[in-house]
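The next block holds one structure in the form of structure tokens; read it before the comments.
There are 2 protein chains.
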Amino acid sequence: MKEDVSTVGAASPGELLRLLRDGVPRTRSELTAVTGLARSTVRARLDALLDAGLVSDGGSEASTGGRPAGRFVFNARARVVLAAEVGATHATIAVTDLAGTPLAEGRFEQDIAEGPDVVLPRLVAAWRSLLEDADLDSMRVAGVGIGLPGPVEHSTGRPNNPPIMPGWDGYDVPGRIGAEFGVPVLVDNEVNLMALGEHTKCFPEAEHLIVIKVATGIGSGFISNGMLHRGAVGAAGDLGHILAPHAGDVPCRCGNTGCLEAVASGSAIAAALRAKGVEAHTSADVVALVRAGNLEAGQAVRQAGRNIGEVLAACVSMFNPSLIVVGGTVALAGEMLLAGVREAIYRRSLPLATGNLRIVPSQAGDDAGVLGAAAMVVQHVLSPDVVDRQLA
Amino acid sequence: MKEDVSTVGAASPGELLRLLRDGVPRTRSELTAVTGLARSTVRARLDALLDAGLVSDGGSEASTGGRPAGRFVFNARARVVLAAEVGATHATIAVTDLAGTPLAEGRFEQDIAEGPDVVLPRLVAAWRSLLEDADLDSMRVAGVGIGLPGPVEHSTGRPNNPPIMPGWDGYDVPGRIGAEFGVPVLVDNEVNLMALGEHTKCFPEAEHLIVIKVATGIGSGFISNGMLHRGAVGAAGDLGHILAPHAGDVPCRCGNTGCLEAVASGSAIAAALRAKGVEAHTSADVVALVRAGNLEAGQAVRQAGRNIGEVLAACVSMFNPSLIVVGGTVALAGEMLLAGVREAIYRRSLPLATGNLRIVPSQAGDDAGVLGAAAMVVQHVLSPDVVDRQLA
Numbered sequence: 001m002k003e004d005v006s007t008v009g010a011a012s013p014g015e016l017l018r019l020l021r022d023g024v025p026r027t028r029s030e031l032t033a034v035t036g037l038a039r040s041t042v043r044a045r046l047d048a049l050l051d052a053g054l055v056s057d058g059g060s061e062a063s064t065g066g067r068p069a070g071r072f073v074f075n076a077r078a079r080v081v082l083a084a085e086v087g088a089t090h091a092t093i094a095v096t097d098l099a100g101t102p103l104a105e106g107r108f109e110q111d112i113a114e115g116p117d118v119v120l121p122r123l124v125a126a127w128r129s130l131l132e133d134a135d136l137d138s139m140r141v142a143g144v145g146i147g148l149p150g151p152v153e154h155s156t157g158r159p160n161n162p163p164i165m166p167g168w169d170g171y172d173v174p175g176r177i178g179a180e181f182g183v184p185v186l187v188d189n190e191v192n193l194m195a196l197g198e199h200t201k202c203f204p205e206a207e208h209l210i211v212i213k214v215a216t217g218i219g220s221g222f223i224s225n226g227m228l229h230r231g232a233v234g235a236a237g238d239l240g241h242i243l244a245p246h247a248g249d250v251p252c253r254c255g256n257t258g259c260l261e262a263v264a265s266g267s268a269i270a271a272a273l274r275a276k277g278v279e280a281h282t283s284a285d286v287v288a289l290v291r292a293g294n295l296e297a298g299q300a301v302r303q304a305g306r307n308i309g310e311v312l313a314a315c316v317s318m319f320n321p322s323l324i325v326v327g328g329t330v331a332l333a334g335e336m337l338l339a340g341v342r343e344a345i346y347r348r349s350l351p352l353a354t355g356n357l358r359i360v361p362s363q364a365g366d367d368a369g370v371l372g373a374a375a376m377v378v379q380h381v382l383s384p385d386v387v388d389r390q391l392a
Numbered sequence: 393m394k395e396d397v398s399t400v401g402a403a404s405p406g407e408l409l410r411l412l413r414d415g416v417p418r419t420r421s422e423l424t425a426v427t428g429l430a431r432s433t434v435r436a437r438l439d440a441l442l443d444a445g446l447v448s449d450g451g452s453e454a455s456t457g458g459r460p461a462g463r464f465v466f467n468a469r470a471r472v473v474l475a476a477e478v479g480a481t482h483a484t485i486a487v488t489d490l491a492g493t494p495l496a497e498g499r500f501e502q503d504i505a506e507g508p509d510v511v512l513p514r515l516v517a518a519w520r521s522l523l524e525d526a527d528l529d530s531m532r533v534a535g536v537g538i539g540l541p542g543p544v545e546h547s548t549g550r551p552n553n554p555p556i557m558p559g560w561d562g563y564d565v566p567g568r569i570g571a572e573f574g575v576p577v578l579v580d581n582e583v584n585l586m587a588l589g590e591h592t593k594c595f596p597e598a599e600h601l602i603v604i605k606v607a608t609g610i611g612s613g614f615i616s617n618g619m620l621h622r623g624a625v626g627a628a629g630d631l632g633h634i635l636a637p638h639a640g641d642v643p644c645r646c647g648n649t650g651c652l653e654a655v656a657s658g659s660a661i662a663a664a665l666r667a668k669g670v671e672a673h674t675s676a677d678v679v680a681l682v683r684a685g686n687l688e689a690g691q692a693v694r695q696a697g698r699n700i701g702e703v704l705a706a707c708v709s710m711f712n713p714s715l716i717v718v719g720g721t722v723a724l725a726g727e728m729l730l731a732g733v734r735e736a737i738y739r740r741s742l743p744l745a746t747g748n749l750r751i752v753p754s755q756a757g758d759d760a761g762v763l764g765a766a767a768m769v770v771q772h773v774l775s776p777d778v779v780d781r782q783l784a
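Quick mapping for you: the protein sequence lines, in order, are chains A and B. Sequence positions in the first sequence follow my numbering and run 1 to 392. Sequence positions in the second sequence follow my numbering and run 393 to 784.
Below, the structure is given as structure tokens:
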């Protein structure tokens, strides 16, 4: 009878690896006892994992008389992961190990509107030189993770009607990048990946959290029950186009009026300041003015915070998160934005939902997206199913 | 060395049961092959499950010459589940099998405000007579599931500051009911359980869905990645107290103004009709008027639908669900409410998020909550960990 290892996880090499990923070295006997597998099965599965380099011999148990028993541990340095967060005007790239820990990082300016045929080859070249500069070019690549500034159909890795990415709609990003490295390529919205990065690296204990990015535009990512919530077509977290309660009829680039983004994004704040005769064109200008003590800029950022908080208050009632993380360029203005956000959330939400709610600035900062991209790849390539298929 | 079956699921009796819950009868040899477990282990685990009645002998394989091999299947009739949905003014109770299929049902009027010391003993008596009347009183009870009309801390089963439930705050519901039956008791908010009921029984393919209940009050339940999203303190889904964009300064019973519930709930619609000289006091009155063709009632319900839709539009942008299910008494007014909901959602949401969105009336109807309560218990008592602990 043919053995179908994919049906029941725990008996497979992938499940054995999942067990070992806790970092505790174990002997063959311990693994046999813990899993209930036949000794011969444990031996075969361990051999497969050792051959693949995913498990290494972690040294011998202190002898209790007999032959010393070898102990086995997960080897996070068996492969590298290539990760990138591509924003509208920049890219952050990294090479990480299989624990998602960065081994090398880089950042450069570029324009997403140049289209995939320019941007993607540039990413590939940047990863290759990063690997070379860090003496990692002999390492095997396990997978590639990319965050893009628009909705992405995660199952296919294709951008889905992205508003600020001409030439990208429906583009086969995994096909293009996969042809270069011959490994799985996963693509997602950059704010989803910021949420995954903050969650895995900074707030693993928060089961339900919202990460909001306030920059040129406004977006958010949402972790539910410890998992990224992408939504039916990868469009979840689109906070920027929710009706802001006191926005009036301000027109938005989406074609609607009164969207949060039209009153509280970095560009909206800059426009409001210009209308008052204050010179400001970008989020960075706004932040610089606030830091320089410009009163009107400070008031404008605080009011943007209130507008954002009023929309987030609805999310708090709906999700009951334990944590809201505020990131993006405008968040660099510091407490001024957070104070507005907190004020509106506490005014509009039920006490029960805000009793234990923390509202904090981003911890991972500029690295949140790229760390999330790496975490997404690690989750995938070390999932029992994928490991089993690789070793079959 | 002590065997720790809780560490790795698949080797345990509970994991073997999970495998068999797909309903396919399997022989010992097939189970050995599929799991990779030692033959003796499979035999011991099957014996434990057979002894507990959770697996039964599903007949013999057609003989291929040798001794016929017995085949084993999950036995959903091994135990019964007691389920209840308790609303403000009524209770629906059921006895189901371990597949969550109702074997007997009942419904009665009662007032939640009488407090737990009156309501809970009444539930117990109602279940006992339901078991007796259906000749099920010899069956072993696996667990009890209860839905209550307020926030519940799911991990403890205690109501958490429920606004319309005097005497229930922090009450140990599982302690009281567990003392009667000596089995696990799980408690949740009734709208969460409506969502679970609609999801498990009517829309299992929808990974991301929102169920909204429009009755005396307004609440919702939310399924993310196929799992109920309860939130940090069990307060998720509180749609009724989100600021409705065009509600003005209408005071709400929560102490705030402009809440959705204050303008679009059954009682708010009835109040608005009374102000126009139309006699209406309850959701049922409103529905009767709409069905009788009363123009003002029809317009009021449609406007409530628009208000609800404007708040749901924010949820659509945030969650990107594939499905919104509209239930509760007011929904019995039919297309009038749904039309208003759809109108506002399509006007306020991005095309990407609404392209494949379905907005439908409740399919499980009055049974949604009680079916969800049973599903919650089945998920728990048949989870590998719980089965393993029971059989240990």
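Backbone N, C-alpha and C define an ideal beta-carbon position, used for all residues, glycine too.
*Do G145 of chain A and V214 of chain A have their CB atoms nearer than 8 Å?*
no
*is_contact[I737 of chain B, chain A] using C-beta, thresh 8 Å*: no
_Is there a Cβ of chain B sitting closer than 8 Å to that of M318 of chain A, yes or no?_
yes
_Cα-Cα separation, C646 of chain B to G355 of chain A_ = 16 Å
*asked:* Using only the alpha-carbon positions, how far apart do L136 of chain A and V124 of chain A sit?
replied: 15 Å
*If F466 of chain B and L438 of chain B are in contact, beta carbons under 8 Å, what's the gap, nearest whole angstrom?*
Contact flag wrong, Cβ pair sits at about 12 Å.
*Give every residue of the same chain whose Cβ lies closer than 8 Å to the Cβ of V678 of chain B, excluding the five residues on either side of it in the sequence, and list them in chain order.*
G658, I661, A662, L665, A672, A689, A692, V693, V722, A725
*Going along the chain, which residues of the region 236-248 of chain A sit with their C-beta nearer than 8 Å to a C-beta in chain B?*
A236, G237, D238, L239, H241, I242, L243, P245
*Considering P566 of chain B, what are the terminal residues of the alpha helix (DSSP H) in which it resides?*
565-573
_Contacts of P713 of chain B in chain A (Cβ-Cβ under 8 Å)_ = G231, A232
*Three-state secondary structure (DSSP) at T484 of chain B?*
strand
*Is the beta carbon of T83 of chain A less than 8 Å from the beta carbon of V370 of chain A?*
The identity of residue 83 of chain A in the sequence shown is Ala, whereas the question assumes Thr. The answer is yes: Cβ separation under 8 Å.
*Measure the alpha-carbon distance for T828 of chain B versus G719 of chain B and round it to whole angstroms.*
Absent from the structure is residue 828 of chain B, since the part of chain B shown begins at 393 and ends at 784.
*If you run the structure through DSSP and keep just helix, strand and coil, what is K213 of chain A?*
strand
*Extent of the continuous alpha helix (DSSP H) run through E310 of chain A*: 295-319
*asked:* Could you tell me the alpha carbon to alpha carbon distance between V575 of chain B and G535 of chain B, rounded to whole angstroms?
replied: 5 Å
*Check R26 of chain A in the structure and name its three-state DSSP category.*
strand
_Start-end ranges of the alpha helix (DSSP H) lying completely within the region 27-53 of chain A, minimum 4 residues_ = 28-35, 39-51
_Please state whether the Cβ-Cβ distance between L193 of chain A and M376 of chain A is less than 8 Å._
yes
_Members of the region 598-621 of chain B that neighbour chain A once the beta carbon cut-off is set at 8 Å_ = E599, H600, S612, F614, S616, N617, M619, H621
*Would you identify the three-state DSSP class for E114 of chain A, choosing helix, strand or coil?*
helix
*Have a look at the DSSP bridge pairing and note the partners of F72 of chain A.*
A:R26, A:D57
*Assign I485 of chain B to one of two classes, buried (16 or more other C-beta atoms within 10 Å of its C-beta) or exposed (fewer than that).*
buried
_Rounded to whole angstroms, what is the Cα-Cα separation between D117 of chain A and I602 of chain B?_
39 Å
*Could one say the Cβ of R514 of chain B lies closer than 8 Å to chain A's Cβ atoms, at least one of them?*
no
*Which value, in whole angstroms, describes the spacing of the CA atoms of V682 of chain B and D503 of chain B?*
27 Å
*Straight-line CA distance for T257 of chain A to G415 of chain B?*
53 Å
*asked:* Tell me the DSSP secondary structure of E735 of chain B in three-state form.
replied: helix
*Take G406 of chain B and list the residues in its own chain whose beta-carbon comes closer than 6 Å to its own, dropping the five residues that flank it on each side.*
P776, V779, D780
_Backbone secondary structure at L774 of chain B - three-state DSSP_ = coil
*Does C644 of chain B come within less than 8 Å of chain A when only Cβ atoms are used?*
no
_Span separating the alpha-carbon of H591 of chain B from that of A598 of chain B_ = 7 Å
*Which residue comes first and which comes last in the alpha helix (DSSP H) that contains G266 of chain A?*
266-275
*Can you check whether the CB of G147 of chain A is closer than 8 Å to the CB of E190 of chain A?*
yes
_For L528 of chain B, three-class secondary structure by DSSP_ = coil
_Exposure of S616 of chain B, with buried meaning 16 or more beta-carbon neighbours within 10 Å_ = buried
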